[in-house]
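From first to last, the protein sequence lines stand for chains A and B. According to our numbering, the first sequence holds residues 1 to 162 in order. According to our numbering, the second sequence holds residues 1001 to 1384 in order.
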Amino acid sequence: MERIGGRKANRNKGQMRIIEVILASFIIVFALSFVNILASTPTSPKYEATELEKVGYNALHDLDDQGLLARFVYNQEWENLTSALRVLLPVNVYFNATVYDLNGNALNNAPMFYGDPATFAGFKNIASVTYGLVGYPTKFNATYYEATYVPRILTLQLLRGS
Amino acid sequence: MVSAVYDHLLAIVIVGVMFVSAVVALPAMSLVSIKAVDQQQLQNTALNVFNAMLLDTGQPVGWGSMRYFQKNDPRVQRFGLASQSSSGFYVLDPDKVQRLVLTNPLNYCDYSRVRQLLGLQDYGFRFRIIPPFNVTFLSPPTVAGDLLTYTAKVNYLDGGAIPNAVSEATIVSTKGQNEFDITQSGTVRTDARGICNGTVKLGISDPDYYTVTLRVTVADVATLVVTSEQNFNNTIARINIVYDTIILTSLKDPPNDNFKPNEDVRIDNIVAFGSDGSLWMLYDSQGKNSNDNMFNTGKGEFERWSSTFWGLHGFQPVVLIFNFWAVEQGRRQILIMMAYPELFGTTIFEYGGSPRSMGATVRVQRSVLISSMTYTAELWLWKE
């Protein structure tokens, strides 16, 4: 009777070993999964945002280099600024541009965007470029210009469509 | 005894499932990270290569303008497309980009040579230059008396109409043996549908031949030049520019560059149309024959005719207008060609290979200036 009872106890002990191994394996798998989630390997949409920031900055710098960006912003030529960004940026890049003063008030009464504005609200990886302008010179005669310090901040949000 | 067998079977099944999960699932989880790192490396490589292509002049700095360029010329030691005469970023030299055109009669660098110069032996790439928008003539221009009328449409690349684009027309017209005229119009703006209509008073009434060249500018930033006659029936020569020199080459490549029928032609006028819309009368024979302005279309050296016009490169020519006179047959022929046919215009210029597999490919884009006109340069890079 005792022998039979001892066998049963040994068998249960074996089953417990298996259950322990299973539990230990699950703990290892969960730990590895957890580490994988926490690991901050950048995903490709993040590279995309970095690349879009460069594309956006490149376009704004081009406009500024040609003396057009300040003209568009200070003369409130919002339609021209939108057209210029549409031809300078690749066709599958959507944008939303806003011009602010130093108090954070949006100055463009007309929206400047390409693509659906709702997309910008729901999209996770949006590239954003901020470009500062200090003022715009007014020409008084052939040799005399005067510029007033009136800073403006242009923010350009970008995302790539399909 | 029986239940022990069941226990072992169960244990084997569970351990087997765990083993398969471990072999399949765990590498899959880490594969995402490996792929991410690979893509990051590819992205960095693409950026470095793109910067080398667009910001570096290459070595020698004026390699695109070297005369008697051989195919894959060994004198080119480093590759770069940036203009040596501009201090700005992303300003490309059209002579250098022209050396990527595989149909360039004055030779080019092929894909494998450029890959070697860029140190991209283990990578493949594709380089594209995309125009900023599209211009199309809705109908052929018409002339009534001395009034020419044209209608054109200006679109974004996605097809949307561009309102308020500024259009200027340059009309080349000829009549009879002696009348040759170039008229430039004032500016016309596109309407909300992106359509512009222009009427221009010509210097010649009821011309035998006329062509409209439109220079369209959007928001003062991007310009495109198009001609109403997109495919000229060119039976005379191919027109090339290398820095300040205009070179006319045979219509056919060696060894078939001598062909029949051939005829003696005289160059009566050469006019360059610049990216700023200005005209430069480069040459006027005043109707006189001389050794300097005549050549035979089907006979002679591969380079049929050439002449250097100092300052032509700086003028940034976009279109060249040639007024020829066929000496024996006594007829006039006009040839209007883009200075760099594959670059300027509304078509996309493409150079490079195609990815062999569906593996990771990255794309980088920048806006660039070629002859003061804005284009989008694009590089696709992949590992081979």
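Cβ atoms here follow ideal geometry from the backbone N, Cα and C, with glycine treated the same way.
Under the three-state reduction of DSSP output, Ile1162 (chain B) falls in the coil class, being neither helix nor strand. Looking at the DSSP output, Met1337 (chain B) bridges to B:Leu1320.
Contact check between the region 1319-1336 of chain B and the region 1202-1215 of chain B: three or more CB pairs, one atom from each, fall below 8 Å, which counts as touching. Within the region 1082-1129 of chain B, the complete alpha helix (DSSP H) segments at least 4 residues long are 1094-1098 and 1111-1118, listed from N- to C-terminus.
Residue range Met1373 to Lys1383 is occupied by the beta strand (DSSP E) that includes Glu1378 (chain B). The beta carbons of Thr98 (chain A) and Ala106 (chain A) sit closer together than 7 Å. The alpha-carbon separation between Asn1051 (chain B) and Gln1040 (chain B) amounts to approximately 16 Å. Gly1145 (chain B) sits in coil when the DSSP states are folded into three classes, being neither helix nor strand. Ranked by how close their Cα comes to the Cα of Ile1236 (chain B), the residues B:Asn1155, B:Ala1377 and B:Ala1326 have B:Ala1326 in first place. DSSP places Thr1223 (chain B) within a strand segment (E or B) once states are collapsed to three.
If you draw a straight line from the Cα of Arg17 (chain A) to the Cα of Ser33 (chain A), it is about 24 Å long.
Taking C-beta separations shorter than 7 Å and ignoring five residues to either side along the sequence, Ile1014 (chain B) has no partners in its chain. When C-alpha distances from Ala1169 (chain B) are compared across B:Pro1163, B:Gln1184 and B:His1313, the shortest belongs to B:Gln1184.
Pairing Phe140 (chain A) with Ile153 (chain A), the inter-Cα distance amounts to about 26 Å.
Take Asn1107 (chain B), set aside five residues on each side of it, and the residues of its chain with a beta-carbon closer than 8 Å to its own are Phe1069, Gln1070, Lys1071, Asp1073 and Arg1099, in chain order. Of all residues in the region 1339-1369 of chain B, only Val1364, Gln1365, Arg1366 and Ser1367 come within less than 7 Å of chain A when Cβ atoms are compared, listed by chain position. As computed with DSSP, Gln1184 (chain B) is found in a beta bridge with B:Thr1170.
Straight-line spacing of the CA atoms in Ile19 (chain A) and Lys1035 (chain B) works out to 36 Å. Our two residues, Ile1239 (chain B) and Thr143 (chain A), have alpha carbons roughly 43 Å apart in a direct line. Per DSSP, Arg1215 (chain B) is one residue of the beta strand (DSSP E) stretching across Tyr1209 to Val1218. In this structure Leu1379 (chain B) touches Phe1127 (chain B) by the C-beta definition: roughly 6 Å separates them, less than 8 Å. Here Leu1031 (chain B) carries a helix assignment [DSSP, helix/strand/coil]. Relative to Thr1187 (chain B), the option among B:Leu1157, B:Ile1204 and B:Arg1215 whose CA is nearest is B:Arg1215.
Around Met1373 (chain B), no beta-carbon contact reaches into chain A at under 7 Å, the shortest distance being about 11 Å.
Here Tyr1090 (chain B) has Leu1054, Arg1366 and Val1368 as same chain residues with Cβ atoms under 6 Å from its own Cβ, once five neighbours each way along the sequence are excluded.
CA-to-CA, the gap between Ser1307 (chain B) and Val1242 (chain B) works out to about 10 Å.
Excluding the 5 residues flanking it on each side, Arg71 (chain A) has same chain C-beta neighbours closer than 8 Å at Glu77 and Tyr136, in chain order. Chain-order list of chain B residues neighbouring Gln66 (chain A): Val1221, by C-beta distance under 7 Å. Listed by position along chain B, the residues whose Cβ is nearer than 7 Å to that of Asn108 (chain A) form an empty set, because the closest Cβ is around 15 Å away.
Considering only B:Thr1045, B:Val1049, B:Gln1084 and B:Asn1048, the residue with the shortest C-alpha distance to Gly1064 (chain B) is B:Gln1084.
Taking every protein chain shown into account, the CB of Gly1176 (chain B) has fewer than 16 other CB atoms within 10 angstroms, so this residue is exposed. Shown here for Ala1222 (chain B): same chain residues with a beta carbon closer than 6 Å to its own, the five before and five after excluded, namely Pro1132 and Thr1374 in chain order. Interface annotation for the region 80-97 of chain A against chain B: Asn80, Ser83, Ala84, Arg86, Val87, Leu88, Pro90 and Val91, criterion Cβ-Cβ distance under 7 Å.
Here Glu1263 (chain B) really is in contact with Thr1297 (chain B); their C-beta atoms are around 6 Å apart, less than 8 Å. Contact annotation for Gly1064 (chain B) against chain A: no contact, minimum CB-CB distance about 23 Å [criterion: below 9 Å]. For the region 1239-1261 of chain B, there are no residues whose beta carbon sits under 7 Å from a beta carbon of chain A.
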